[in-house]
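Participant: Structure incoming, see below.
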Amino acid sequence: MERKKTSIAVALALAVTVLATVTRPKQAEFDGSEVELLVGESLVDFDDPGIAASLEIVNVDTESGELRRFKIVRNIGGSWTIPSHANYPADAEYRVRDVSTLFIGQKILDIAPSTAKKHEYFGVLEPTADNAGEDGVGILVKIEDRKGDELVALVIGKANKADPTQRFVRKLGQDLVLVTRVDPSILSTDFNDWIEKDLLQVTTLDLQNVQLRDYSVVETEEGTRLVNRSIMDIQWDPLRGKWTTGRMVTYKQGQETDGSLTPDEELNVVALNKMKKALDDLAIVDVRPKPQGLGGGFQATQAEIDELEKSLKSLGFRGGTVGSETVPRLLADNGEAIVTMRDGVRYILKFGAITAKNISELGEQNRVLMVTAELDDSKSPMPPKPTLPVAKDGDDVEAIAAQRQRIEKEYQRQLDLRNDGLSTARRLVLALNDRFGAWYYVISDDSYQQIMLGRDEVIQSRTKSGADRSSEATDTTDAVDDTDAANTTSPTDETR
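Residue numbers (our numbering): 4 to 499.
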């Protein structure tokens with residue numbers, strides 16, 4: 004008889020769990036004993052994150068009181084993308100993983116004594132446009148499979164005062180309020196929390212050269228032309244921790260003049276170290292899809308450029324020619340920085356305009372940026388071909404042959420090393436242009452100001468004593484390591 008009762012109880016528990024998942028009954032449909040049977044059961048019948056095809060989070064911004072929705076979907080290739088941002092990759096993998104597995108294995112720890120009238124008290128009101136900003140509104144999380152069937156549909160409410168690691172939750176469509184252990188801190192609706200924000204993903208240990216191209220773009224009867232102001236090549240030696248200059252050119256009335264440092268001038272180490280750090284830290288604030296016709300590079304036909312001209316101009320880019328060139332290229336209103344790494348991979352940064360839409364929620368100015376990559380294979384020169392010894396009369400022929408073999412083997416090793424490095428760099432350039440090609444990036448204007456330096460910021464007069472300059476360099480090292488280092492002041496767009 005006891006066995007029969009136990010079997011009935013187990014069957015009843017399973018039935019209640021299935022019924023709760025499938026039909027979402029109201030609390031009134033449960034009696035007290037059935038509710039108690041839920042304690043200890045799994046919070047959701049979802050244990051395989053691989054079948055999740057969409058994940059949506061809805062919450063209310065605590066400061067503005069606005070309803071915020073964020074959704075990611077898994078494409079046919081298995082990658083997660085963000086529909087609200089033209090399917091930009093949701094490549095912050097840890098967050099996707101942590102959210103999709105957040106409820107797996109979680110148990111129902113308790114049942115809160117509640118009715119629908121108590122939902123506000125427990126903070127499990129479903130967030131909607133009608134109640135946004137009101138008290139008691141929770142965070143809605145929905146996970147669906149490829150068929151659109153719900154795997155998870157929960158409203159996350161307030162923390163349990165008795166145990167802050169526990170939260171009150173409610174299955175969407177039910178009155179019953181459950182208690183479980185879940186951390187809602189990762190349930191963000193901020194785009195930046197779901198992407199890899201590090202735009203260039205470079206390390207300054209591999210930095211070799213930065214070329215700053217300061218120019219203006221003017222309209223003439225012959226079309227759009229580039230008018231150079233200066234081109235500065237600045238080289239970085241990470242082993243010596245030292246900046247030096249390469250080609251330094253200024254332009255006066257269109258004529259190129261030598262812009263090398265005079266005996267009374269020196270490099271501004273402070274500004275250059277901040278530039279280096281800004282490149283290392285360059286972060287994505289937002290993204291916009293490029294129009295059709297703009298791919299991984301900046302070359303385009305005149306017809307394509309004419310079609311894109313209107314939209315490009317609003318973002319600070321336009322098609323034009325340089326010098327005696329007849330092939331049009333894309334020019335940027337606010338200059339270019341060309342960053343070359345030790346392996347020859349070169350990042351070309353073209354800086355566009357600030358527009359009203361690029362003002363961040365904190366009131367900070369942002370700027371449009373276009374990026375492409377190319378390879379400078381001169382950074383991987385062929386190893387010098389060795390001269391092989393030749394046996395002469397009386398020489399040990401076998402010894403000479405062994406020496407030749409060693410030399411040839413070492414040369415081949417160096418050649419293979421060089422070729423392998425080039426192949427790796429070429430693959431990286433292809434991958435980078437595949438990643439950069441479809442997007443305008445929005446970055447903070449502070450980053451732009453620290454990277455796109457004018458000549459008067461790169462070079463300073465030798466007015467300080469040697470001791471003062473040494474102290475300044477030491478302070479710079481500390482500033483570079485400090486994430487709150489002060490920003491460099493640069494001229495406005497109009498004066499560049």
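C-beta: ideal position from N, C-alpha, C; glycine also.
Predicted model only: the values in this text are computed from it and were never measured.
Going by C-alpha distance, which of Leu202, Val220, Asp113 is nearest Arg170?
Facilitator: Locating residue 170 in the sequence shown gives position 167, counting from the first residue. Nearest C-alpha to Arg170: Asp113.
Participant: Closest by CA to Val213, which one among Thr324, Leu456, Val47, Leu334?
Facilitator: As a working mapping, residue 213 is identified with position 210 in the sequence shown. Of the candidates Thr324, Leu456, Val47, Leu334, the one whose C-alpha sits nearest the C-alpha of Val213 is Leu456.
Participant: Beta carbon of Gln406, beta carbon of Pro386: below 8 Å?
Facilitator: Position 403 of the sequence shown, counted from the start, is the residue given in the question as residue 406. Position 383 of the sequence shown, counted from the start, is the residue given in the question as residue 386. No. Outside cutoff.
Participant: Name the residue from Asn78, Pro52, Ile357, Tyr350 whose alpha carbon lies nearest to the alpha carbon of Asp101.
Facilitator: Indexing the sequence shown from 1 puts residue 101 at position 98. Here the closest residue by C-alpha is Pro52.
Participant: State the DSSP-derived secondary structure class of Ala340, mapped to helix, strand or coil.
Facilitator: Residue 340 sits at position 337 when you count from the first residue of the sequence shown. DSSP places Ala340 in strand when its eight states are reduced to three.
Participant: Can you tell me the Cα-Cα spacing of Ser233 and Leu431, whole angstroms?
Facilitator: If you number the sequence shown from 1, residue 233 lands on position 230. If you number the sequence shown from 1, residue 431 lands on position 428. Taking the straight line joining both Cα atoms gives about 30 Å.
Participant: Taking the CB atoms as reference points, tell me whether Ile575 and Arg349 lie closer together than 8 Å.
Facilitator: As shown, the chain starts at 4 and ends at 499. That puts residue 575 outside it, with no answer to give.
Participant: Can the beta-carbon of Ile146 be found less than 8 Å from the beta-carbon of Leu154?
Facilitator: The residue you call residue 146 lines up with position 143 of the sequence shown. The residue you call residue 154 lines up with position 151 of the sequence shown. Their beta carbons are under 8 Å apart, which means Ile146 touches Leu154 by this criterion.
Participant: Using CA coordinates, which residue listed in Leu378, Glu413, Gly397, Glu66 is at the minimum distance from Thr390?
Facilitator: Working through the sequence shown from its first residue, we reach residue 390 at position 387. Nearest of Leu378, Glu413, Gly397, Glu66 to Thr390, Cα basis: Glu413.
Participant: Can you give me the C-alpha to C-alpha distance between Ala428 and Pro241, rounded to a whole angstrom?
Facilitator: Taking the first residue of the sequence shown as position 1, residue 428 is located at position 425. Taking the first residue of the sequence shown as position 1, residue 241 is located at position 238. C-alpha separation (whole angstroms): 20 Å.
Participant: What does the alpha-carbon distance come out to for the pair Lys161 and Gly244?
Facilitator: Taking the first residue of the sequence shown as 1, we reach residue 161 at position 158. Taking the first residue of the sequence shown as 1, we reach residue 244 at position 241. For Lys161 and Gly244, the distance between alpha carbons rounds to 52 Å.
Participant: What is the DSSP secondary structure of Leu17, counted as helix, strand or coil?
Facilitator: As a position in the sequence shown, residue 17 is number 14, starting the count at 1. Low local confidence applies: a pLDDT of 42 at Leu17 is under 50, so the model's placement there is unreliable, and no value is given.
Participant: Taking the alpha-carbon positions, what's the Ile60 to Arg438 distance?
Facilitator: For the purposes of this step, residue 60 is identified with residue 57 of the sequence shown, where counting begins at 1. For the purposes of this step, residue 438 is identified with residue 435 of the sequence shown, where counting begins at 1. Answer to the nearest angstrom: the Cα atoms are 26 Å apart.
Participant: What's the gap between the Cα of Phe49 and the Cα of Phe106?
Facilitator: As a working note, residue 49 is residue 46 in the sequence shown. As a working note, residue 106 is residue 103 in the sequence shown. Taking the straight line from one Cα to the other gives about 8 Å.
Participant: Is it the case that the Cβ atoms of Leu425 and Ser383 are separated by a distance below 8 Å?
Facilitator: The residue given as residue 425 occupies position 422 in the sequence shown. The residue given as residue 383 occupies position 380 in the sequence shown. Yes, the Cβ-Cβ distance between Leu425 and Ser383 is below 8 Å.
Participant: Out of curiosity, what's the CA-to-CA distance linking Thr223 and Gln258?
Facilitator: Working through the sequence shown from its first residue, we reach residue 223 at position 220. Working through the sequence shown from its first residue, we reach residue 258 at position 255. When rounded, the distance between both Cα atoms is 18 Å.
Participant: How would you write the range of the alpha helix (DSSP H) that Leu179 sits in, first residue to last?
Facilitator: Working through the sequence shown from its first residue, we reach residue 179 at position 176. No alpha helix (DSSP H) holds Leu179; DSSP gives it neither H nor E.
Participant: Quick check on the DSSP output: the alpha helix (DSSP H) that includes Gly424 runs from which residue to which?
Facilitator: The sequence position of residue 424 within the sequence shown is 421, counting from 1. Note, Gly424: alpha helix (DSSP H), 400 to 439.
Participant: Examine the Cβ distances between the segment 311 to 327 and the segment 175 to 194 and report whether three or more of them are shorter than 8 Å.
Facilitator: With a cut-off of 8 Å, the segment 175 to 194 and the segment 311 to 327 do not count as touching, because too few Cβ pairs lie within range.
Participant: Using the Cα positions of Thr375 and Asn78, report the straight-line distance between them to the nearest angstrom.
Facilitator: Walking along the sequence shown from the start, residue 375 turns up at place 372. Walking along the sequence shown from the start, residue 78 turns up at place 75. Approximately 25 Å, taken between the alpha carbons.
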